[in-house]
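Numbering follows numbering that gives the first Met the number 0, in which position 15 of the sequence shown is assigned residue number 14; successive positions increment by one, without gaps. Built from N, CA and C at the ideal position, the CB exists for glycine as well.
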Amino acid sequence: MSTDASRGGAATGALLLCRAEPDSVAFAAQLLREPMLLAGAGDTWSVLVPEGRPWRDGGEPVDRVLTGWATALAVGAPWPVLALWWDADRAGYTLASGFRRPVGYVWLANGTPAGEDEAMRTFAARLGLDPVLDVQALDALTEPDPALDATARLRALLAVLTRAGVALPAGLDPGEPADRLRQAAEEQRDTRAVEWPGWREAVRAELDVVDSDGRLSRWRPWAGTPQSRALALAQLAAGLPLAVLGARRHSVGWAAAGVLLLAHGALGLAYEVVRPRD
């Protein structure tokens, strides 16, 4: 039987793929308050490589941490987030998009499928993959195949995603431990560190978005739209119970999700108050 300790071992690793440019991902990732490296991962895709302290030092299962992070990033931005994770016992993915329920799939270490077939079809639909060719390739990953272990399954999943523009930098391979993933990310030219700047700098960065001509000087997913206030309130409403749940379960991933949603909601309302009106 697997244990939390075994899942936090040296073989554990994870990646967060965001369907957005690195400049758009950087601010949202800062609010996770977890040291990460950020790099491009193909056309309109970025990859976050976490340091891995929650599962390495805290003993929390990597899949639970990554699901919380992916959910927080996706609800706080208008693009989907795909979490890939693996440990000594299992491997899998979680796709989060907006306020919809995350969808995911799991394989045991030897490649035995341990998820629901329908999850693959939902995954394909939410990413806009080909309903025939891509879905057939994904369905094959839900069938027994002694030649494919869990790592090979994740690589096959990424091969399908290349047709959606995903191109992971060299060395960011499923099955590698977190420290090796970070070493590979550091070797990429466009890699940047993403760290929590503190609340004062975070608020300043969120509000300092208008140039001298009154235009947005950098990307904001919902700033100035009719839905912005409603979205900010929804983020506050969703963030509070997640933060409480994370605290009760001592879950770093879900606590981070709650805090990120609360931060996005609060900063969104603050921007609505101070932004220039037409």
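query: Excluding five sequence neighbours on each side, which residues of the same chain lie with their C-beta closer than 8 Å to the C-beta of ALA19?; result: THR43, TRP44, SER45, ALA76 and TRP78
query: Flag this pair as yes or no: are the beta carbons of GLY103 and ALA90 separated by less than 8 Å?; result: no
query: Could you check which residue in ALA123, ARG179, TRP85 and GLU185 has the C-alpha nearest to that of VAL159?; result: ALA123
query: Cutting at 7 Å between CB atoms, please list the residues of its own chain near TRP106, excluding the five before and the five after it.; result: ARG89, ALA90, GLY91, PRO112, ALA113, ALA149 and ARG152
query: On the three-pair Cβ rule with 8 Å, is the stretch 124-144 touching the stretch 55-70?; result: no
query: What residue from ARG52, ALA146, LEU83 and GLY97 has the CA that sits closest to LEU14's CA?; result: LEU83
query: Should ARG181 be labelled buried (16 or more other beta-carbon atoms within 10 Å of its own) or exposed?; result: buried
query: So who's on the other strand from GLY41, going by DSSP bridges?; result: VAL165
query: Could you give the DSSP three-state label for ARG99: helix, strand or coil?; result: coil
query: So, is VAL80 buried or exposed, given that buried needs 16 or more other C-beta atoms within 10 angstroms?; result: buried
query: Quick one: what's ARG191 bridged to in DSSP?; result: LEU37
query: Relative to the C-alpha of ARG52, which candidate in PRO21, GLN187, MET35 and LEU132 has its C-alpha closest?; result: MET35
query: Would you kindly work out how many angstroms separate the C-alpha atoms of ARG6 and GLN135, rounded to a whole number?; result: Unreliable placement is indicated for ARG6, whose pLDDT of 49 sits below 50; no coordinate value is reported for it.
query: Can you tell me where the alpha helix (DSSP H) holding GLY174 begins and where it ends?; result: No alpha helix (DSSP H) contains GLY174, which DSSP labels as neither H nor E.
query: Determine whether the beta carbon atoms of LEU31 and TRP85 lie at a separation below 8 Å.; result: no
query: Within the continuous beta strand (DSSP E) that includes GLY12, where are the two ends?; result: 12-17
query: Considering just the uninterrupted stretch of the alpha helix (DSSP H) at ALA124, what are its terminal residues?; result: 116-126
query: Of the residues ASN109, ALA146 and LEU157, which one's Cα is nearest the Cα of LEU128?; result: LEU157
query: Is it the case that the Cβ atoms of PRO168 and THR11 are separated by a distance below 8 Å?; result: no
query: Quick one: using the 10 Å Cβ neighbour count with 16 as the cut-off for buried, is SER216 buried or exposed?; result: Residue placement at SER216 cannot be trusted, given a pLDDT of 39 that sits under 50; the coordinates are not used to answer.
query: Does the Cβ of CYS17 have 16 or more other Cβ atoms within 10 Å, making it buried, or fewer, making it exposed?; result: buried
query: Would PRO130 be called buried (16 or more neighbouring beta carbons within 10 Å of its own) or exposed?; result: exposed
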